[in-house]
Amino acid sequence: MSKSGALDLATGVGGNIEKKAVISAVDEYEKYHNPCGGDEEERKANCSDMVNKYYDLVTSFYEYGWGESFHFANRWKGESFRESIKRHEHFIALQLGLKPGQKVLDVGCGIGGPLREIARFSGTHVTGVNINEYQITRGTVSALQELNHIAGMDSSCNYVKVADFMDMPFSENSFDAVFAIEATCHAPDLVDCYKEIYRVLKPGHCFAAYDWCITDSFDPGNEEHQRIKGEVELGNGIPAIRSREQCLEALNLAGFEVIWEKDLASDSPLPWYLPLDKTHFSPSNFRVTAVGRFFTRNMVKALEFAGLAPEGSQRVQAFLEKAADAHVEGGRSSATSLGVQSQLTTLVGIIRAIDPKLHEHLEELDGRQYLFALRMLMVLLKEAKGPDDVVKIVGEITASLDAKRALRDALNIQEKYLRKASSSFCQAIVAMQKGGRAHSSSTTPNPVPLGVWSVQPRRDASYT
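For the sequence shown, my numbering assigns the number 29 to the initial residue and increments by one for each residue that follows.
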């Protein structure tokens with residue numbers, strides 16, 4: 029079971045660090061960061077030590093307050109926090125076109141929440157890599173095996189400890205797909221990180237990721253912006269939050285081709301940072317509300333005083349809470365936000381390029397209906413052999429279907445066909461690229477300068 033109780037929180041603080049050494053580990057970790065006198069180059073030079081200390085210190089807090097999936101998600105109205113997290117994970121699986129039996133790699137798997145959900149949803153075998161020994165041993169020895177068993181994923185998920193993401197113990201062309209969810213931001217060198225992902229990915233296959241970036245609204249000469257950025261980096265174990273342009277450039281330098289990129293936070297019906305907003309109250313996510321934080325703060329204080337939690341636990345809770353407030357400030361000012369790299373909107377981009385009228389109809393739907401309609405289009409397009417078929421089918425859809433019928437039909441589609449269609453449609457898109465008719469990200473209307481949402485097929489792929 030997930031370790032989400034008060035005693036789990038108390039005994040888990042520090043991870044593999046000896047309990048009496050937790051306070052000195054907190055001192056060392058905080059000194060890496062700008063608010064405590066550190067600098068970016070020092071964090072990059074000592075990135076492995078910094079990130080490992082961070083996750084040793086905070087993992088039990090994450091599980092207690094957030095659950096098994098350590099990431100944010102854009103959110104629709106009427107959707108709970110847990111539902112948005114699962115949808116976010118299903119979304120990346122669909123966009124990769126995952127098929128049962130494929131081998132998939134999760135770069136930066138945490139304690140395996142997204143990994144298990146994606147493996148169960150797609151029928152794939154997912155290997156998770158992690159640089160933090162505590163999270164890995166917590167999983168492979170007992171706890172994550174138990175979580176795998178509860179999810180029915182005993183034979184579908186495994187975990188591998190790596191020194192860093194730039195040197196993974198896999199041969200070339202090992203995986204059918206790779207994804208990373210808010211993980212590559214921890215890498216000291218993003219180009220080298222992406223190059224290693226490129227190496228282990230099969231030619232012609234896709235890498236998709238969600239990550240954070242700073243937007244064009246960020247002003248490096250603004251002290252308030254620098255404070256927010258520094259507190260986010262401190263509270264999340266990040267050497268330096270990168271810009272959208274830096275992420276896109278790193279992907280290209282690594283050999284990938286970016287098909288599509290988008291900031292999902294830009295048009296999210298509810299703010300991605302809503303769970304951290306102290307003015308928002310949610311009974312279903314009580315522990316991260318203002319009242320829940322007050323309770324946790326005093327509980328940790330009492331547990332530390334009683335000797336059940338190690339000295340330094342209150343300071344960990346304090347920098348996590350400060351980072352939560354910085355997320356909200358940054359999100360509201362658009363200086364920082366939730367950036368995403370993935371694939372579904374490759375479909376949107378292709379449709380927009382082929383037939384703007386159909387895309388206008390789809391945009392009239394709300395978020396949930398919109399995704400259903402896109403899934404339906406994937407099914408209708410599953411037999412497409414190439415660009416000409418795609419153009420023909422989209423034209424027929426535009427002429428014969430309205431948004432309501434698209435939604436109604438989408439609701440009747442079986443999940444197994446969605447998986448097959450997602451893969452088939454990816455192949456049609458690749459064929460369009462080869463024919464020089466792919467949608468270019470540079471023509472995307474009003475690109476948001478934060479995160480990147482992209483699919484990257486290998487440039488050395490052989491398309492037939």
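Where a beta carbon is used, it is the ideal one built from N, C-alpha and C, also for glycine.
What is the DSSP secondary structure of Asp244, counted as helix, strand or coil? Along the sequence shown, one-based indexing puts residue 244 at 216. Assigned with DSSP and collapsed to three states, Asp244 falls in coil, not helix or strand.
Looking at Val356: is its Cβ nearer than 9 Å to the Cβ of Asp305? Position 328 of the sequence shown, counted from the start, is the residue given in the question as residue 356. Position 277 of the sequence shown, counted from the start, is the residue given in the question as residue 305. Judged by their CB atoms, Val356 and Asp305 are nearer to each other than the 9 Å cut-off.
Note the first and the last residue of the continuous beta strand (DSSP E) segment covering His24. Here the chain covers residues 29 to 492 and nothing more, so residue 24 does not appear.
The alpha helix (DSSP H) spanning Asn80 covers which residue range? Locating residue 80 in the sequence shown gives position 52, where the first residue counts as 1. Start and end: Cys75 to Gly93.
Need the endpoints of the alpha helix (DSSP H) that Asn280 sits in, please. Position 252 of the sequence shown, counting from 1, holds the residue named residue 280. Arg272 to Ala282 is the extent of the alpha helix (DSSP H) around Asn280.
Give me the Cα-Cα distance between Asn313 and Ala205, rounded to the nearest whole angstrom. Position 285 of the sequence shown, counted from the first residue, corresponds to residue 313. Position 177 of the sequence shown, counted from the first residue, corresponds to residue 205. Cα-Cα distance, rounded: 32 Å.
Is it true that the CB of Val132 sits closer than 9 Å to the CB of Ile159? Counting from 1 along the sequence shown, the entry for residue 159 is found at position 131. Counting from 1 along the sequence shown, the entry for residue 132 is found at position 104. No.
On the DSSP bridge assignment, give the partners of Ala205 in chain order. For the purposes of this step, residue 205 is identified with residue 177 of the sequence shown, where counting begins at 1. Note: Ala205 is bridge-paired with Val132 and Cys234 in the DSSP secondary-structure output.
Per DSSP, what kind of secondary structure is Val286 in: helix, strand or coil? Position 258 of the sequence shown, counted from the start, is the residue given in the question as residue 286. In this structure, DSSP gives Val286 a state outside helix and strand, which the three-state scheme calls coil.
Looking at the secondary structure, which residues open and close the beta strand (DSSP E) in which Cys185 lies? Mapped onto the sequence shown, residue 185 falls at position 157. Cys185 to Lys189 is the span of the beta strand (DSSP E), which, as asked, contains Cys185.
Using the C-alpha atoms, what's the distance from Cys137 back to Thr39? Residue mapping note: residue 39 aligns to position 11 of the sequence shown, counting from 1. Residue mapping note: residue 137 aligns to position 109 of the sequence shown, counting from 1. Straight-line Cα distance between these residues: approximately 22 Å.
Helix, strand or coil for Asp239? Go by DSSP, reduced to three states. Counting from 1 along the sequence shown, the entry for residue 239 is found at position 211. Strand, per DSSP.
Mind checking Phe333: buried by the 16 CB within 10 Å criterion, or exposed? For the purposes of this step, residue 333 is taken as residue 305 along the sequence shown, with counting starting at 1. Phe333 should be labelled exposed.
Which class does Leu35 belong to by DSSP, given the choice of helix, strand or coil? In the sequence shown, the residue the question calls residue 35 occupies position 7. Helix.
Measure the alpha-carbon distance for Tyr239 versus Leu37 and round it to whole angstroms. On the sequence shown, position 211 is the one that residue 239 refers to. On the sequence shown, position 9 is the one that residue 37 refers to. In the sequence as displayed, the identity of residue 239 is Asp instead of Tyr. Approximately 27 Å between the Cα atoms of the pair.
Identified DSSP bridge partners for Arg103: For the purposes of this step, residue 103 is taken as residue 75 along the sequence shown, with counting starting at 1. Per DSSP, Leu298.
Gly263 versus Lys127, Gln130, Gly43 and Leu85, residue with shortest Cα-Cα distance: For the purposes of this step, residue 263 is taken as residue 235 along the sequence shown, with counting starting at 1. It is Leu85 whose Cα lies nearest to the Cα of Gly263.
Would you call the region 116-128 and the region 97-104 in contact, with 3 or more CB pairs under 8 Å? With three or more CB-CB distances shorter than 8 Å, the region 116-128 counts as touching the region 97-104.
If you drop the 5 nearest sequence neighbours on each side, which residues of the same chain put their C-beta closer than 8 Å to that of Gly146? Counting from one through the sequence shown, the residue named residue 146 turns up at place 118. Per the sequence shown, the amino acid found at residue 146 is Ile instead of Gly. Glu117, His118, Ile120, Ala121, Leu126, Val132, Asp134, Thr152, Val154 and Phe207.
Applying the criterion that 16 or more other CB atoms from any shown protein chain within 10 Å of the CB defines a buried residue, is Lys257 buried or exposed? Within the sequence shown, the letter at position 229 stands for residue 257. By the neighbour-count rule (16 or more Cβ atoms within 10 Å), Lys257 is buried.
Whole angstroms is fine: what's the gap from Asn44's alpha carbon to Arg315's? Position 16 of the sequence shown, counted from the first residue, corresponds to residue 44. Position 287 of the sequence shown, counted from the first residue, corresponds to residue 315. Straight through space, the alpha carbons of Arg315 and Asn44 are spaced by roughly 25 Å.
Quick one: is Cys64 buried, meaning 16 or more other Cβ sit within 10 Å of its Cβ, or exposed? Counted from its first residue, the sequence shown places residue 64 at position 36. Exposed is the call here.
Report yes or no: do three or more beta-carbon pairs, one from the region 182-200 and one from the region 213-226, lie closer than 8 Å? The region 182-200 makes contact with the region 213-226: 3 or more CB pairs, one atom from each, lie closer than 8 Å.
Got a sec: does the ligand ATP put a non-hydrogen atom nearer than 8 Å to the Cβ of Gly129? No copy of the ligand ATP appears in this structure; indeed no ligand is present at all.
Between the CA atoms of Trp300 and Glu261 - distance to the nearest angstrom: Counting from one through the sequence shown, the residue named residue 261 turns up at place 233. Counting from one through the sequence shown, the residue named residue 300 turns up at place 272. Distance between the alpha carbons of Glu261 and Trp300: 18 Å.
With a threshold of 16 other CB atoms inside 10 Å of the CB of Val319, please say whether the residue is buried or exposed. Against the sequence shown, residue 319 aligns to sequence position 291. Under the 10 Å beta carbon count, Val319 is surrounded by fewer than 16 other beta carbons and is classified as exposed.
Burial state of Arg360 (16 or more Cβ within 10 Å): Here the question's residue 360 lines up with position 332 in the sequence shown. Burial call: exposed.
Extent of the continuous alpha helix (DSSP H) to which His61 belongs: Sequence index remark: in the sequence shown, residue 61 carries index 33 (1-based). For His61, there is no enclosing alpha helix (DSSP H), as DSSP gives it neither H nor E.
Option nearest Val20 by Cα separation, candidates Ser245, Asp247, Ser199 and Glu252: With the chain running from 29 to 492 in the structure shown, residue 20 is simply not present.
Who are the near neighbours of Glu46 in its chain, counting only those whose CB is closer than 6 Å to its CB and skipping five residues on each side? For this step, residue 46 is matched to residue 18 along the sequence shown. The beta carbon of Glu46 lies closer than 6 Å to none in the same chain, with the five residues before and after it left out.
Asn250 lies in the alpha helix (DSSP H); which residues open and close that run? Sequence index remark: in the sequence shown, residue 250 carries index 222 (1-based). Careful: Asn250 lies outside any alpha helix (DSSP H) and carries neither H nor E.
Report yes if the CB atom of Gln163 is closer than 9 Å to the CB atom of Tyr83, and no otherwise. What you label residue 163 is simply residue 135 of the sequence shown in a count that begins at 1. What you label residue 83 is simply residue 55 of the sequence shown in a count that begins at 1. Yes.
If you run the structure through DSSP and keep just helix, strand and coil, what is Leu229? Residue mapping note: residue 229 aligns to position 201 of the sequence shown, counting from 1. Leu229: strand per DSSP, three-state reduction.
What are the boundary residues of the alpha helix (DSSP H) that includes Pro142? Within the sequence shown, residue 142 is the residue found at index 114, counting from 1. Note, Pro142: alpha helix (DSSP H), Gly141 to Ser150.
Could you give the DSSP three-state label for Cys137: helix, strand or coil? In the sequence shown, counting from the first residue as 1, residue 137 sits at position 109. In the structure shown, Cys137 sits in coil (DSSP, three-state: anything other than H, G, I, E or B).
For Phe347, does the count of other Cβ atoms within 10 angstroms reach 16, so buried, or fall short, so exposed? The residue you call residue 347 lines up with position 319 of the sequence shown. Burial call: buried.
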